[in-house]
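Notes follow the structure.
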Amino acid sequence: MNSPSTDRRILLVEDEIFVVWLLEDMLTDLGCAIVGPASSVNQALAMIDVEAIDAAVLDVNLNGQMSYPIADALAARGVPFVFSTGYDKDTLLDRYRTFPVLQKPIQRSELSDTLAKLLTPKQSNVEAAIATIAEMLP
Amino acid sequence: MPSEQNKSREQKAAESEVESFRKELGPFVVAAETTRMAMVFTDAKEANHPLIFANDSFLSLAGYGRDEVLGQSFDFLMERPADPEARLKVDAAFAGSSENEFEICFRRKDGGMFWTAVFISPILDKMGDLVQHFVSFVDLSKHKEEEDRLRFLLGELNHRTQNTLATVQAIAVQTLRRAANKEVVDAFEGRILALSKAHSLLGRKHWETVSLRDVIDQILQPFGLDDRRVIRFSVKGDDVRLQPKAALTLAMVFHELATNAAKHGALSNEAAGKIDIAWQAEPTTQSDRIRLRWQESGGPTVKPPGRKGFGSRLIEGGLAQDLDGEVRLDYDPLGVVCQIIMPVPLEVGR
Chain L
1 MNSPSTDRRI
11 LLVEDEIFVV
21 WLLEDMLTDL
31 GCAIVGPASS
41 VNQALAMIDV
51 EAIDAAVLDV
61 NLNGQMSYPI
71 ADALAARGVP
81 FVFSTGYDKD
91 TLLDRYRTFP
101 VLQKPIQRSE
111 LSDTLAKLLT
121 PKQSNVEAAI
131 ATIAEMLP
Chain S
1001 MPSEQNKSRE
1011 QKAAESEVES
1021 FRKELGPFVV
1031 AAETTRMAMV
1041 FTDAKEANHP
1051 LIFANDSFLS
1061 LAGYGRDEVL
1071 GQSFDFLMER
1081 PADPEARLKV
1091 DAAFAGSSEN
1101 EFEICFRRKD
1111 GGMFWTAVFI
1121 SPILDKMGDL
1131 VQHFVSFVDL
1141 SKHKEEEDRL
1151 RFLLGELNHR
1161 TQNTLATVQA
1171 IAVQTLRRAA
1181 NKEVVDAFEG
1191 RILALSKAHS
1201 LLGRKHWETV
1211 SLRDVIDQIL
1221 QPFGLDDRRV
1231 IRFSVKGDDV
1241 RLQPKAALTL
1251 AMVFHELATN
1261 AAKHGALSNE
1271 AAGKIDIAWQ
1281 AEPTTQSDRI
1291 RLRWQESGGP
1301 TVKPPGRKGF
1311 GSRLIEGGLA
1321 QDLDGEVRLD
1331 YDPLGVVCQI
1341 IMPVPLEVGR
């Protein structure tokens, strides 16, 4: 099966082991190669420094630590990403309000649709949003 | 603006007013001075309702010294500029409106704001003439903090429920993937996701009521409700609000109906199938109810299922038992029809 996700390298940031397994399976089913998983901000930042990444799935709350520094680092490199959270979309930091969010529990079809959009830049406004954030960063 | 001389004359007048007030009401003034309830008396003979008495509780609430507030107009206490709506309420209460209890924002000496419940009551003299107003203040800061905290806790609880359901989904899929076939795993996952969508919707509405339309939208969205290329659904009905329990049960019912339609019914073929969902609110003398009809058409010829599965048990049993409703599920060869009549308290005057 060939889709926009096939053979793309997806960074998975998630701290709950069962959800990690589930997402690993879902991503593998979509033909993605997984980078990580990372379960903390530092781990993820270290991976971003050395790994080639096409897109990322970011849990917003990593055991009490917010994952915004990871989002900032990805935005600075122009890497598209989607948040995953059990919180409401409107609890996200202002500058990330317009970003795609997967509501937990995550639905297979939503994950695959969102990734397809992220990886087909012309079809989404994520690129523009990332560029805006990258400009705001110090 | 009054000159310095005028002002001091006004203040003197106010002070003598306070003095005579003190003499007339003797023991009551002592009680008023020492009670924990913040209170002031204002002079009703002046248009701007100057303060002629303020007790210690009021002074500590507002942060002023007594001589700083006596003689000042009532407006002096309000936030600046005062909220026009609050101004209208205050003016109306001083003018004798029966709506003399409300919440407004006041200003402390240090500029900080505080919310209080205000009660304004007229005081008449022996002749029945309005001479003063009594105004009490209940500090709502604690109450507002509590409210914020409760809202925060409820948000946290909603979030944890979503995360727990995500974990249940993950554990179930991991546990079942080798033991059960894909269809079973998908069915289970679909039900957990439907439950979580209903929870999430209720969470956003603080577990009060949600609209039937929103429940349908949430549940049918993964089945192509928003698909602009092929119109599969028609959803029409009155604005009906559902209690949380009714919303959860109906969400699961719609999920089962839609799943069945996707497997065997109107959503199972590529092109022609369609689902019409329509309902009306029916106020009756005993209780209000809704009558809802789910009708499929254009799918393959319908055959009744061999035995009752989770879906039909939930649809028939869940609605009847949980919600005291009546359900008829017909496997009409032309398309499944599900008719639901269930009691729903209708909100009057909406």
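In order, the protein sequence lines correspond to chains L and S. FYI, our numbering numbers position 16 of the first sequence as 16, with every residue one higher than the one before it. Count along the second sequence starting at 1, add 1000, and that's the number in our numbering. From the three backbone atoms N, C-alpha and C, an ideal C-beta is built for every residue, glycine too.
- Distance from the Cα of Ala1198/S is smallest, within the candidate group Phe1254/S, Arg1232/S, Asp1239/S and Leu1154/S, for Phe1254/S.
- Listed by position along chain L, the residues whose Cβ is nearer than 7 Å to that of Ile1171/S are Phe18.
- The three-state secondary structure of Lys1274/S, taken from DSSP, is strand.
- As DSSP reads the structure, Asp1043/S sits in a beta bridge with Gln1132/S.
- Judged by DSSP secondary structure, Trp21/L falls within the alpha helix (DSSP H) whose first and last residues are Ile17 to Asp29.
- Closest by C-alpha distance to Pro105/L, out of Pro80/L, Ile53/L, Tyr87/L and Val13/L, is Tyr87/L.
- Within the segment 94 to 106 of chain L, those residues whose Cβ lies closer than 9 Å to any Cβ of chain S are, in chain order, Gln103, Lys104, Pro105 and Ile106.
- Each residue's CA atom was taken as its position, placing Arg1191/S and Asp1091/S some 57 Å apart.
- If you compare the alpha carbons of Leu1292/S, Val1029/S and Glu1046/S with that of Arg1213/S, the shortest gap goes to Leu1292/S.
- Under the Cβ criterion of 9 Å, Val1168/S is counted among the residues facing chain L.
- In the three-state reduction of the DSSP assignment, Thr1116/S falls in the strand class.
- With contacts defined as CB atoms closer than 9 Å, Ala1172/S and Glu1189/S qualify as a contacting pair.
- For Gly1298/S and Pro37/L, the gap between their C-alpha atoms comes out near 46 Å.
- Within a 10 Å sphere around the beta-carbon of Gly1311/S sit 16 or more other beta-carbons, which makes this residue buried.
- At the C-beta level, Phe1102/S and Val1118/S come within 9 Å of one another.
- At a Cβ-Cβ threshold of 9 Å, Gly1065/S and Ile1052/S do not count as neighbours.
- Look at Ile1192/S here: in three-state DSSP terms it is helix.
- At a C-beta separation below 7 Å, Tyr87/L has these neighbours in chain S: His1159.
- For Thr1035/S, the three-state secondary structure derived from DSSP is coil.
- Within the segment 1195 to 1227 of chain S, Ser1196, Ser1200, Arg1204 and Pro1222 place their CB atoms closer than 7 Å to a CB of chain L, listed in sequence order.
- Taking Leu1248/S as the centre and dropping the five residues before and after it, the same chain places the C-beta of Leu1195, Ala1198, His1199 and Leu1202 closer than 8 Å to its C-beta, in chain order.
- Taking C-beta atoms as the reference points, Val1210/S and Leu1225/S fail to come closer than 9 Å.
- Nearest neighbour of Glu1316/S by Cα position, chosen from Ile1340/S, His1206/S, Arg1087/S and Thr1301/S, turns out to be Ile1340/S.
- Comparing alpha carbon positions, the residue from Gly1155/S, Asp1239/S and Leu1176/S closest to Lys1205/S is Gly1155/S.
- Taken in chain order, the unbroken stretches of alpha helix (DSSP H) that lie wholly in the segment 1317 to 1345 of chain S and span 4 residues or more are 1319 to 1323.
- Among the residues facing chain S, Leu27/L is not included, as its CB has no counterpart in that chain under 9 Å away.
- Listed along chain S are Pro1222, each with a C-beta nearer than 8 Å to that of Ser109/L.
- The Cβ atoms of Arg108/L and Asp7/L lie no closer than 9 Å to each other.
- With respect to the 9 Å criterion, Val1069/S and Leu1061/S are not classified as neighbours on the basis of their beta carbons.
- Going by DSSP, Pro37/L is part of no alpha helix (DSSP H) but of the beta strand (DSSP E) stretching over Ala33 to Ala38.
- Contact between Met1252/S and Leu1314/S holds: their C-beta atoms lie close to 6 Å from each other, under 8 Å.
- Within chain L, the residues Pro105 and Gln107 have their CB atoms less than 7 Å from the CB of Leu1193/S, given in chain order.
- Selection Ile1277/S, Thr1259/S and Pro1343/S evaluated against Thr1284/S yields Pro1343/S as nearest (Cα-Cα).
- The closest CA to that of Val1215/S, considering only Arg1178/S, Asp1276/S, Ala1044/S and Val1240/S, is found on Val1240/S.
- Rounded to the nearest angstrom, the gap between the Cα atoms of Arg1087/S and Glu1099/S is 13 Å.
- When the beta-carbon positions are compared, Val82/L and Asp54/L stay at least 9 Å from each other.
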